[in-house]
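Chemist:
Numbering (the working numbering), first residue to last: 1 to 255.
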């Protein structure tokens, strides 16, 4: 029961982080300018850090070090590569199988100079860091106190997937909503596996960012979306298993 409550609290915390910070910016500045969109990402990160600190300080009495926030270029790079390869390969296979069509990244020429900042704000600050701070930082640490590794990975991934039943990712109908949640479960498992192997949450952030980058640079428009979602799940899960199976390989070298 305690583990279930921890998952539910993580879901609520993630939703609060995704809504409160960006909402404050939208009320003050709107959402049309690049500055506003960047500040929305910053707001989400700040709220996530504050809420996680409160939860760990007063509810769980867990040390901040348990989040495993020590920076590692190699771990972040490994996660970024894993996320990009899994989703990029799934999108590429979808194109080859004819279940999706290519959708190039469309950026107005006058905005190209701002693209790196905008992508960092929208991908890392708004989504990857706050979400992984909750799931592969806080929840992973809480679950690891009571459960074995495979249980931690499974619960973290499944909870992340269930929450995405509420997301709108272009899916229609009950079947596609379920498959969308399944694909998110695969992404969650890959992120959890990367965090488990490297010992740092930045690997999970990298996986999450790699997912969004792949969808941007190997963009697709679905034809048979369900097949593409299944491919995303399968490739993410397989790559996650590969990472976990090699977890004993000099974790310290990745730090």
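Cβ coordinates follow ideal geometry from the N, Cα and C atoms, glycine included.
It should be emphasised that the depicted structure is a prediction, and the values quoted were computed from it without experimental measurement.
#1: Would you kindly work out how many angstroms separate the C-alpha atoms of residue 75 and residue 200, rounded to a whole number?
#2: Excluding the 5 residues preceding and the 5 following residue 140 in the sequence, name in chain order all residues of the same chain whose CB lies nearer than 7 Å to its CB.
#3: By DSSP's criteria, residue 100 is part of a beta bridge. Which residues make up the other side?
#4: Could you tell me which whole alpha helix (DSSP H) segments of length 4 or greater appear in the region 23 to 72?
#5: Are the CB atoms of residue 37 and residue 171 nearer to each other than 9 Å?
#6: Any idea what DSSP makes of residue 168, helix, strand or coil?
#7: Comparing C-alpha positions only, which one of 227, 219, 239 sits nearest to residue 207?
#8: With a threshold of 16 other CB atoms inside 10 Å of the CB of residue 252, please say whether the residue is buried or exposed.
#9: Given a threshold of 16 other Cβ atoms within 10 Å of its Cβ, counted over all protein chains shown, does residue 107 qualify as buried or as exposed?
#10: Could you check if residue 10 is buried or exposed, using at least 16 other CB atoms within 10 Å of its CB as the buried criterion?
Modeler: Checking against the coordinates, here is how it stands:
#1: Cα to Cα, the separation comes out at about 7 Å.
#2: Counting only Cβ-Cβ distances below 7 Å, and skipping sequence neighbours, we find 152, 156, 192, 195.
#3: Residue 100 pairs with 222.
#4: Listed in chain order, the complete alpha helix (DSSP H) runs (minimum 4 residues) inside the region 23 to 72 are 34 to 54.
#5: With contacts defined by Cβ atoms closer than 9 Å, residue 37 and residue 171 do not form a contacting pair.
#6: Reduced to three states, the DSSP call for residue 168 is coil.
#7: The candidate whose alpha carbon is nearest that of residue 207 is 239.
#8: With a pLDDT of only 40 at residue 252, under 50, the local geometry of the prediction cannot be trusted, and the value read off the model is given with reservation. It is exposed - the Cβ of residue 252 has fewer than 16 other Cβ atoms within 10 Å.
#9: So residue 107 counts as exposed.
#10: It is buried - the Cβ of residue 10 has at least 16 other Cβ atoms within 10 Å.
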